[in-house]
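Everything below concerns the one structure shown next.
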Amino acid sequence: MVSQYTIHELHKKLVNKDISAVELTKKMIANRNNVDGKIHAFLSTNDERALQAAERVDNKIKSGEVISEIAGIPGAIKDNICIKGLPCTAASKMLENFIPPYNATVIEQLEKQDYVSLGKTNLDEFAMGSSTENSAFGKTLNPLNTEYVPGGSSGGSAAAVAANEVVWALGSDTGGSVRQPASFTGLVGLKPTYGLVSRYGLLAFASSLDQIGPITKDVTDAAIVLNSIAAYDKKDSTSIPQEKKDYKKALISDVKGLRIGVAKEFFGKGIKEETKEAIKKALSFYEKEGAEIVDISLPHISACVSIYYIIAPAEASSNLSRYDGVGYGYRKPGKNLIEMYINTRSSGFGEEVKRRIMLGTYVLSAGYYDAFYLKALKVRTLLKNEFEEAYKTCDVIVAPAASGTAFKFGAFKDPLSLYMEDICTVPANLIGAPAISIPVGYKDGMPLGMQLIGPALGEETILRAAYTFEQAHLDLNKITKGEA
Ligand code: GLN
Numbered sequence: 001m002v003s004q005y006t007i008h009e010l011h012k013k014l015v016n017k018d019i020s021a022v023e024l025t026k027k028m029i030a031n032r033n034n035v036d037g038k039i040h041a042f043l044s045t046n047d048e049r050a051l052q053a054a055e056r057v058d059n060k061i062k063s064g065e066v067i068s069e070i071a072g073i074p075g076a077i078k079d080n081i082c083i084k085g086l087p088c089t090a091a092s093k094m095l096e097n098f099i100p101p102y103n104a105t106v107i108e109q110l111e112k113q114d115y116v117s118l119g120k121t122n123l124d125e126f127a128m129g130s131s132t133e134n135s136a137f138g139k140t141l142n143p144l145n146t147e148y149v150p151g152g153s154s155g156g157s158a159a160a161v162a163a164n165e166v167v168w169a170l171g172s173d174t175g176g177s178v179r180q181p182a183s184f185t186g187l188v189g190l191k192p193t194y195g196l197v198s199r200y201g202l203l204a205f206a207s208s209l210d211q212i213g214p215i216t217k218d219v220t221d222a223a224i225v226l227n228s229i230a231a232y233d234k235k236d237s238t239s240i241p242q243e244k245k246d247y248k249k250a251l252i253s254d255v256k257g258l259r260i261g262v263a264k265e266f267f268g269k270g271i272k273e274e275t276k277e278a279i280k281k282a283l284s285f286y287e288k289e290g291a292e293i294v295d296i297s298l299p300h301i302s303a304c305v306s307i308y309y310i311i312a313p314a315e316a317s318s319n320l321s322r323y324d325g326v327g328y329g330y331r332k333p334g335k336n337l338i339e340m341y342i343n344t345r346s347s348g349f350g351e352e353v354k355r356r357i358m359l360g361t362y363v364l365s366a367g368y369y370d371a372f373y374l375k376a377l378k379v380r381t382l383l384k385n386e387f388e389e390a391y392k393t394c395d396v397i398v399a400p401a402a403s404g405t406a407f408k409f410g411a412f413k414d415p416l417s418l419y420m421e422d423i424c425t426v427p428a429n430l431i432g433a434p435a436i437s438i439p440v441g442y443k444d445g446m447p448l449g450m451q452l453i454g455p456a457l458g459e460e461t462i463l464r465a466a467y468t469f470e471q472a473h474l475d476l477n478k479i480t481k482g483e484a
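Next comes the structure, spelled out in C-alpha cells:
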C-alpha cells in the first residue's frame, strides 16, 4: 500500500518517476474512501482540487523542475485552518456552512510548495477537548483499536495519518492537541515555538497559546512539514522574525554531550507505571549514547492545569464572542436582537464550548479578574522563570506526552478529570516552548508517547534528540508502517 510510506520515501519515488503524483493521489483517495467510513477522520473532502494540484506536480517533474519535498504527497488539514473556498467548520454547528474567503498563511506557504490535501479533518469543537468526542459532527475512532479515542483535539488529523488515509496532517496545539493525539496513535506530533508558525487563518481558541504543527509518521517528516510552514508573517503580530531554516539539518543521530533534564514533577501520581517505565528505558538509552541526565526541579507543574483552564477559557470567551449570528455563521432568529444572540449562541455551540465561555467570562468579570485571571498570569510567569532556570543546566526536558495509552470512549464522566489529563502537555504552551511527542513504547498493543521539550526556538535540539531515539527504535513505528 503506497500510503504506508513517509513523505521522504514518497518524494524519492516521485522524483525517480516510480509513481506519478496523480497516481499516488488517486490511490490514496480510493484508500481513504474505503477506510473513512469506519474511522470518520474527515469532515469534508476536495478530491478535484487534490488531483489538480497533483497534476501540477507531475507537470513540473516532467519538465525537469525541482519540486519541494512535500509536493504531490497527500496530506490533510485540521478543520480549524482556513482554506479559501472550502468549508471550515471547527467541528461546530456555528460554522457548519462557513466558507472562508481567504487562506491561512500556512496554506499560502503550502500552496507555493504544491501541497496536496485530501480534505479537512475532524476535531473537538473549536479545538476544545482531548478525545474528539466534542465534535458536533460525530466522533473519530482510533484506527489502532476503534474502541479507543484517537486523542484530541486534532484527533481527525492523527487518525487520518495512522489509518494511512494520508501521509501527513496539520493540527493545532493550544494545550497538547497535536502531541497527545500523535501519542495515542503511534505518531510524531510537533508543537513549534509560539510565533514560529503563523496563526493567521487559524480559527482562534486561545491566542496566546495556539500554534499549528505537523502530525507525521516519523521525525524526518515532522522536520519536512515544519520546513514548509515555519515563516515570519506580518499578518500575525506575534510572528517571530526569522531566517528560513532547514530543520532536516538537525536530524543527526547523536546525543553525545546533550544534557537531558528530568523533573520528578512530570512523573507524579497520575502518570501510569508503563509510561514511567518506557521513559526510564529511553533515558538509559540516551545515557548509553553519551547524553547526560540532569535532575531539574519544576515545582509549578502542579499548577499548570489550573492556570491553563483559567487563561485558555478567558481568551476563548473573548475570541468566540464574534460568533453572534450577525457577521457570519449560524443564526437562530429571535423576537429582538438580544433574543437572537441568545438563541444563536445557545443552540450553535456545544456543551463544552459553552462551559469554557462561561468559565472564561467568569474569571474575567469584575471582582474575579484579580483573584483568577491575574493570578494565573502571575503563576504563568513563575513557570516561565522556572523553565528558564532549568535550561541553564539542561538542553532538553523529557516528559510523558500523556498519562498512558489512549482511553476508551466515554471513559471520563466529568470534565475536570479529563482536564487533569492535560498536565503533561500544557506547560509547553504556557511557556511558548517547542515540544515533540514520539512513540516510546506499547502497552496492550496501544502506543505510549514521550515528549521532548526545548527552550524557545530549540526545535533543532528536540528534533535531534527525537531522531536519535527513533533511529535506534524503528520497531516502535511498526503500526503506521503498514502492519495495521
Ligand atoms: N485538551 C486541551 C483542551 O481541551 C488542549 C486542546 C488544544 O490543544 N487545542 O483545551
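Residue numbers 1 to 484, in full-length UniProt numbering, belong to the letters of the sequence shown in order. By construction, the Cβ of each residue, glycine as well, lies at the ideal position given by its N, Cα and C atoms. A quick note: this is a predicted structure, and the numbers were derived from the prediction, not measured.
Residue i - partner residues in DSSP beta bridges
i	result
R259	E292
D173	Q211
L202	I81
T185	Paired residue(s): none; T185 is not in a bridge.
residue 485	Only positions 1 to 484 of the chain appear in this structure, which leaves residue 485 out of reach.
Q451	A399, S437
residue 538	In the structure as shown, the chain starts at 1 and stops at 484, and residue 538 therefore has no counterpart that could be examined.
K234	Paired residues: none, contrary to the question.
S44	K120
Y148	K408
V197	A230
L190	I436
T216	V188
Assumed close pair residue i, residue j - CB separation to whole angstroms, cut-off 8 angstroms
i	j	result
L452	I436	5 angstroms
C304	P434	Incorrect: roughly 17 angstroms between the Cβ atoms, too far for contact.
E459	L226	7 angstroms
L51	D79	Going by Cβ atoms, the distance from L51 to D79 rounds to 21 angstroms, so no, they are not a contact pair.
V106	A53	Wrong, their Cβ atoms sit about 15 angstroms apart, outside the cutoff.
E315	S207	6 angstroms
A182	G449	7 angstroms
I67	I224	About 13 angstroms; that fails the 8 angstroms criterion.
P439	L474	Actually they do not touch by this definition, with Cβ atoms about 10 angstroms apart.
Short Cβ contact (7 angstroms threshold) for residue i with residue j
i	j	result
T140	G156	yes
L196	A230	yes
I357	L320	yes
T425	Q180	yes
G138	H40	yes
D254	R199	no
I260	Y286	yes
I310	V363	yes
G334	M340	yes
Q113	I70	yes
V35	A163	yes
L190	G213	yes
V161	I215	yes
R464	A250	yes
Y194	G432	yes
Y442	V219	no
G350	E125	yes
L202	I81	yes
S317	T361	yes
V178	S154	yes
E65	V22	no
D461	D370	In the sequence under discussion, the amino acid at residue 461 is Thr, which differs from the Asp named in the question. No.
P143	I271	no
Q211	P192	yes
P313	L359	yes
A136	P150	no
A366	I307	no
S20	D58	yes
F98	G445	no
Residue i Cβ short of 6 angstroms to ligand 2 heavy atom set
i	result
D79	As presented, the structure is devoid of ligand 2, carrying ligand 1 as its sole ligands.
May I ask you to verify whether the stretch 177-192 touches the stretch 279-296, counting CB pairs closer than 8 angstroms and requiring at least 3? Between the stretch 177-192 and the stretch 279-296, the count of Cβ pairs shorter than 8 angstroms is below three; the stretches do not touch.
Segment contact flag, the stretch 122-131 with the stretch 23-30, C-beta cutoff 8 angstroms, min 3 pairs: Short answer: they don't touch.
Would you call the stretch 65-83 in contact with the stretch 163-182, where contact means no fewer than 3 C-beta pairs closer than 8 angstroms? The stretch 163-182 and the stretch 65-83 touch, with three or more beta-carbon pairs separated by less than 8 angstroms.
Quick one: any contact between the stretch 83-99 and the stretch 116-123, if contact means 3 or more CB pairs under 8 angstroms? The stretch 83-99 is in contact with the stretch 116-123.
Touch test, the stretch 259-274 against the stretch 295-310, Cβ-Cβ under 8 angstroms, three pairs minimum: Contact between the stretch 259-274 and the stretch 295-310 is present, because at least three Cβ pairs lie under 8 angstroms.
Could you tell me whether the stretch 377-397 touches the stretch 90-108, where touching means 3 or more Cβ pairs closer than 8 angstroms? These segments do not touch.
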